[in-house]
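Line by line, the protein sequences are chains A and B. Each residue of the first sequence is one higher than the last, beginning at 1 in the working numbering. Each residue of the second sequence is one higher than the last, beginning at 162 in the working numbering. Worksheet: one structure, shown below.
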Amino acid sequence: MSSDSSRDELLQPVLRDTSSISAAPYSVQALFLTAFFGGPLAAVAMLATNSYRLRRAYKDLPMLLLGAAIFLVSAWIIYRTGAGVVLRDWLTQTLGQRGIQLFFRLEALAIAGGGYLLHRQEQRTSDLLGLKRPNGWIGGLACLALGIVLQVLIAVLLTAA
Amino acid sequence: MDATDSNEVMTQVGALLERRRLDQARALLKPALENQPDHLGLVLQSAWLEFLDDSPGVAMQSVRHVLAAEPQNASARFLYFRLVTELENYAEAERAIIGLLGDFPEEAQYYGCYADVMLRTLHFDKALRLAREGLRYDPDDIACLTTQTLCEFIAHPTSRSNQGLQRLMVQDPQSTHTIRLVVVALVQGGDYSGARRLSQELVRHDPKSESIVELARTLRIEDHWSMLPLWPLRRYGWGASAILWLAGVLGTRALSDVNPTVAAVYVTAFLIYVVYSWVWPPLLRRLVGT
Numbered sequence: 001m002s003s004d005s006s007r008d009e010l011l012q013p014v015l016r017d018t019s020s021i022s023a024a025p026y027s028v029q030a031l032f033l034t035a036f037f038g039g040p041l042a043a044v045a046m047l048a049t050n051s052y053r054l055r056r057a058y059k060d061l062p063m064l065l066l067g068a069a070i071f072l073v074s075a076w077i078i079y080r081t082g083a084g085v086v087l088r089d090w091l092t093q094t095l096g097q098r099g100i101q102l103f104f105r106l107e108a109l110a111i112a113g114g115g116y117l118l119h120r121q122e123q124r125t126s127d128l129l130g131l132k133r134p135n136g137w138i139g140g141l142a143c144l145a146l147g148i149v150l151q152v153l154i155a156v157l158l159t160a161a
Numbered sequence: 162m163d164a165t166d167s168n169e170v171m172t173q174v175g176a177l178l179e180r181r182r183l184d185q186a187r188a189l190l191k192p193a194l195e196n197q198p199d200h201l202g203l204v205l206q207s208a209w210l211e212f213l214d215d216s217p218g219v220a221m222q223s224v225r226h227v228l229a230a231e232p233q234n235a236s237a238r239f240l241y242f243r244l245v246t247e248l249e250n251y252a253e254a255e256r257a258i259i260g261l262l263g264d265f266p267e268e269a270q271y272y273g274c275y276a277d278v279m280l281r282t283l284h285f286d287k288a289l290r291l292a293r294e295g296l297r298y299d300p301d302d303i304a305c306l307t308t309q310t311l312c313e314f315i316a317h318p319t320s321r322s323n324q325g326l327q328r329l330m331v332q333d334p335q336s337t338h339t340i341r342l343v344v345v346a347l348v349q350g351g352d353y354s355g356a357r358r359l360s361q362e363l364v365r366h367d368p369k370s371e372s373i374v375e376l377a378r379t380l381r382i383e384d385h386w387s388m389l390p391l392w393p394l395r396r397y398g399w400g401a402s403a404i405l406w407l408a409g410v411l412g413t414r415a416l417s418d419v420n421p422t423v424a425a426v427y428v429t430a431f432l433i434y435v436v437y438s439w440v441w442p443p444l445l446r447r448l449v450g451t
């Protein structure tokens, strides 16, 4: 009886129409390069695009918000608090003039790494089955531009206020 | 030609299709169909023939003709499922295979095929459950074992043990299909040399298959001696690239405080390696491709 109900449940359709079918995500290469050159918000934008393609945007929303929040909180700490002044000085002394930039780049890569863990099964399945992926240049450059614009805006707001 | 002759032709064509002797099957089928163009069995065999010969449009026309006359014909329904899957109409494929499973609930192959559709549409958990359900009815079903093998590759990419593949190798060790999965397992384990040798065997086995020739070519590149310095990047992917970048930045900074000359050598070596990793693999692909 329970086996029959489990089988019935297994045979429930999940692909009701074309819009409900997951599409292969952007490659890990596109995600990595977008995060590397575009920063944390570009990484979040790329992950959000992948979540949408995989039809799991609502499921991933808390993690996407967490990624954006990590950037906003760290930017606020660095630019608006006393501890941030100490951290900025330390980064500049340790890593040079581009220390803060490197810090945010590392943060972007950490967010991209977390996002990869979130979508690792889908990424591996796409690789293994050779599923057709979208053009990484178009999506990557769009997310990169969006991320950079937002980050500049936030930096301006935080330093000006 | 009478009905007995037609049935005899159908049996012979079926046997030839199983062995992928498509030209012989076509030669046998053509005169039979000219004599009896409305014989549904022969039309269905011709649909299978066109499907196997990569002509899904022609196959679809024939199978629709059969299904209009015999909507419950299981072979025609299964071929229709295979065709819509190949055309990537996955919602229709799911509808078709659920219909078949409703009528044949213990047919393991149908579970395996449904699992394959689920994997292609990235429903990993459901694919695995379907494969396991199918294996309850037939523990040796190739379609279910294949999906199980792929799921194990996806869930545990670095694992040395793959139960699905082990069973496939016992059940169907000589098939191209199984050997391809072994090649995947070797690549996942980082054994490019073993994978290349096996792929060359595959080419000897089936030299006309474009995908196999392409696989062998790719592995020849991956196993080339000049790719050896890139082993960490190929084995550990973008995580290794991130660590390489960090090592470059931190190493340069630390060394420039201690000895600027050593730092300059370090930066030069780092940049050469980075440029090599970007430029050489695509260049090698072009060289091997020509």
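Built from N, CA and C at the ideal position, the CB exists for glycine as well. Fair warning: this is a prediction, and the values are worked out from it, not measured in the lab.
Check residue 53 of chain A in the structure and name its three-state DSSP category.
If DSSP states are grouped into helix, strand and coil, residue 53 of chain A belongs with the helices.
For residue 209 of chain B, count the other beta carbons within 10 Å of its own beta carbon; 16 or more makes it buried, fewer makes it exposed. Which is it?
Answer is buried; the Cβ neighbour count reaches 16.
For residue 14 of chain A, does the three-state DSSP call read helix, strand or coil?
Residue 14 of chain A falls in the coil class under three-state DSSP.
By DSSP, does residue 62 of chain A sit in helix, in strand, or in coil?
Note: residue 62 of chain A maps to helix in three-state DSSP.
Of the listed residues B:247, B:203 and B:201, nearest to residue 216 of chain B (C-alpha basis):
Residue 216 of chain B has its Cα closest to that of B:247, out of B:247, B:203 and B:201.
Enclosing alpha helix (DSSP H) for residue 315 of chain B [first to last residue]:
Residue 315 of chain B -> alpha helix (DSSP H) spans 303-316.
Does any residue of chain B have a CB that is nearer than 8 Å to the CB of residue 17 of chain A?
Closer than 8 Å: yes.
Given a limit of 9 Å on CB to CB distance, which residues of the segment 76-97 of chain A reach chain B?
Under the 9 Å Cβ criterion, the segment 76-97 of chain A contributes 94, 95 and 96.
Could you check the C-alpha separation between residue 199 of chain B and residue 249 of chain B for me, to the nearest Å?
In a straight line, the C-alpha of residue 199 of chain B is about 30 Å away from that of residue 249 of chain B.
Pairing CB atoms from the segment 98-115 of chain A with CB atoms from the segment 299-310 of chain B, are three or more of them under 8 Å?
Between the segment 98-115 of chain A and the segment 299-310 of chain B there are fewer than three C-beta pairs closer than 8 Å, too few to call the two in contact.
Looking at chain A, is there any beta carbon in it that lies within less than 8 Å of the beta carbon of residue 421 of chain B?
Chain A contact via Cβ: absent.
Quick check on residue 218 of chain B - is its C-beta less than 8 Å from some C-beta in chain A?
Output row for residue 218 of chain B: interface = no.
Using a Cβ cut-off of 8 Å, pull out every chain A residue sitting near residue 319 of chain B, in sequence order please.
Contact of residue 319 of chain B with chain A by beta-carbon distance below 8 Å is absent, the smallest such distance being about 11 Å.
Range of the contiguous alpha helix (DSSP H) that encloses residue 191 of chain B
183-196 is the extent of the alpha helix (DSSP H) around residue 191 of chain B.
Helix, strand or coil: which one does DSSP assign to residue 250 of chain B?
Residue 250 of chain B: coil per DSSP, three-state reduction.
So the alpha helix (DSSP H) residue 217 of chain B belongs to, where does it begin and stop?
It spans 217-230 - the alpha helix (DSSP H) in which residue 217 of chain B sits, taken as one unbroken run.
Please confirm whether residue 280 of chain B has its beta-carbon closer than 8 Å to some beta-carbon of chain A.
Residue 280 of chain B belongs to the set of residues whose beta carbon lies under 8 Å from a beta carbon in chain A.
Residues of chain B with CB closer than 7 Å to the CB of residue 122 of chain A, please, in chain order.
Under the 7 Å cutoff, chain B gives 283.
At a CB-CB cut-off below 7 Å, which residues of chain B make contact with residue 13 of chain A?
255, 256 and 259, listed in chain order.
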